[in-house]
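Data first, discussion second: the structure below is written as structure tokens.
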Amino acid sequence: MSIQRQTLREQIETEIMDRVGAGEFRMGDNINEVSLSEELGVSRTPLREALISLSQQGVITRVSGKGFRWAPIGANDFTEAVQIIAALEGLALRLTPASELARIGRELAAQAHEFTASVSSAADIHDHDDAFHALLASGSPNKRLAETVASYKLALRRYERLYVGNADLMERAAAEHEAIAEALLANDLPAAIAALEANWLNSVPRIINALKAKVPAV
1 MSIQRQTLRE QIETEIMDRV GAGEFRMGDN INEVSLSEEL GVSRTPLREA LISLSQQGVI
61 TRVSGKGFRW APIGANDFTE AVQIIAALEG LALRLTPASE LARIGRELAA QAHEFTASVS
121 SAADIHDHDD AFHALLASGS PNKRLAETVA SYKLALRRYE RLYVGNADLM ERAAAEHEAI
181 AEALLANDLP AAIAALEANW LNSVPRIINA LKAKVPAV
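Written out as structure tokens, the structure reads:
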């Protein structure tokens with residue numbers, strides 16, 4: 001077992017993201033750095049480093065001369081980002097050599113089974129989902145494509161925190177992962193891409209419903 005150590009900045013980011021997922025912050029409001037640093041029990045420097053990092057992920061926005069503000073959460077933004085990622089990951093599969101697709105299919109099948117077995121753990125589910133999609137696109141020789149996908153996924157983190165850990169929803173996602181792997185194992189690339197797109201697009205109503213339940217939509 002590997003032991004991962006988080007920096008203070010990363011710990012602050014994790015705590016903030018957990019609170020965002022719990023609906024503790026009102027999206028669109030300004031961030032009071034003094035108050036938040038006192039609440040978290042940290043100094044302003046690592047907090048500001050965490051806020052800058054989160055601004056790069058789309059969780060908050062930097063306002064010139066006014067500090068930071070919680071970025072509004074919008075169903076349209078989320079839907080558009082998911083559509084782009086689904087298309088880009090489908091392209092990654094199309095660019096992957098056939099021999100690599102067979103190998104990736106076998107590894108994805110194993111990961112999909114592990115994903116289902118770990119459905120009770122929110123942290124494990126999040127890690128498995130990231131690992132599954134990273135492996136799925138890993139055979140593409142287009143590295144710029146991989147970087148573009150990664151940048152869009154950063155913007156989705158605040159949305160995913162709204163429902164990750166819901167066993168019923170994640171069991172559905174696990175079944176969709178298995179469908180992708182099974183199609184690749186059957187050497188049916190069109191079916192695999194269709195299952196991949198369904199996996200991403202099915203997440204839209206799941207998270208939008210969570211959005212409506214936890215935070216004000218825009």
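Sequential numbering of the sequence shown, starting at 1, is according to full-length UniProt numbering. Quick reminder that beta carbons are idealized off the backbone N, C-alpha and C, glycines included. Note that the structure is predicted; figures quoted are calculated from it, not measured.
Assignment of I60 by DSSP, reduced to helix, strand and coil, places it in the strand class.
The criterion of a C-beta distance shorter than 8 Å is satisfied by I85 and K153. The shortest CA-to-CA distance from E89 to any of D130, A112, G67, Q57 is the one to D130. Assigned with DSSP and collapsed to three states, F25 falls in coil, not helix or strand. Taking 8 Å as the cut-off, the beta carbon of G67 is found no closer than this to the beta carbon of I12.
Of the residues assessed, Q6 falls on the exposed side of the cut-off, its CB having fewer than 16 other CB atoms within 10 angstroms. Three or more beta-carbon pairs separated by less than 8 Å are not found between the segment 174-182 and the segment 71-80, which leaves the two stretches without contact. Rounded to the nearest angstrom, the Cβ distance from L93 to I193 is 6 Å, consistent with a contact under 8 Å. A straight-line Cα-Cα distance of about 43 Å links A98 and L8.
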